[in-house]
Structure formats: structure tokens, C-alpha cells
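Here the structure comes first, spelled out in C-alpha cells, and everything after it is commentary.
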Amino acid sequence: MNTVILSIEQLNLKLPSGFEKRADAIARDVVRQLARMPVTQSLECKTLMVPRINVFNGETNQVIARRIAQSIHAQLHASVQPERQGRFGQSAEVSSVVDKHSKQMEKSRGTD
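This is the structure:
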């Protein structure tokens, strides 16, 4: 039985000024959120740019991460093309994304 996984080799987030100390925590939360989302297809993206995401003062890291993860997930599943490069914004960039059938999982979905 093959397992569909999402493997992100590099995640680059461009956050507003003042979020420098929160960036690592937000990035970890983005990965956790993505790990919980269903992965149903195999594809490979060298670079994926997602639309700009509004970030407001007072929002928790988890709220910001959830919006970023939802945007990444939507972009990944917007096309069934095996390779896709989009250029829609500058707020979040996922580099070297690989989603493939594999018996070896880097991280189990649904667990932290």
C-alpha cells in the first residue's frame, strides 16, 4: 500500500516587520497545520508562491499559520499538473515541495 505524503524541503516566509521573533514559531505551526490537511495527489513543485496573506496585530501564531497553510494547501491542489510554478504574491513561498507516493514518511499526518 502506497502512502501519499507531503515533503517540504524549504519553507520561506516573508512576514511583516515586527514579526521576526515569531517567525520560527509560525513556520513550525504552518508545518503542523499542513501535516493535518489531506494529501490526495502526487505532484512535485520546485517553487510555489501563494497569494499575499493579511496578518494583523494581536493574532496568534496559530491563526496566522492556519491561514498560510490553507493558502499553501489550496495552491498545491489547484492544479493536477505534475510541475507548477505560480507567481501570485510574496508573503509565503514554499521551495522544493515534493508530494509523492512513498512507504517511508518524514512525518505522519495528524500527529505533532
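Numbering-wise (numbering that gives the first Met the number 0), the sequence shown opens with residue 0 and increments by one. Backbone N, C-alpha and C fix where the C-beta goes; we use that ideal spot for every residue, glycine too. Remember, it's a predicted structure, so these values are computed and weren't measured experimentally.
The count of Cβ pairs closer than 8 Å, one atom from the stretch 15–22 and one from the stretch 36–48, stays below three, leaving the stretches out of contact. Contact annotation: I7 and V38 have beta-carbon atoms that are not nearer than 8 Å.
Check the Cα spacing between D23 and each of V54, A77, L5 and N60: the tightest is with N60. In this chain, Q74 is not harboured by any beta strand (DSSP E); it is covered by the alpha helix (DSSP H) spanning N60 to L75.
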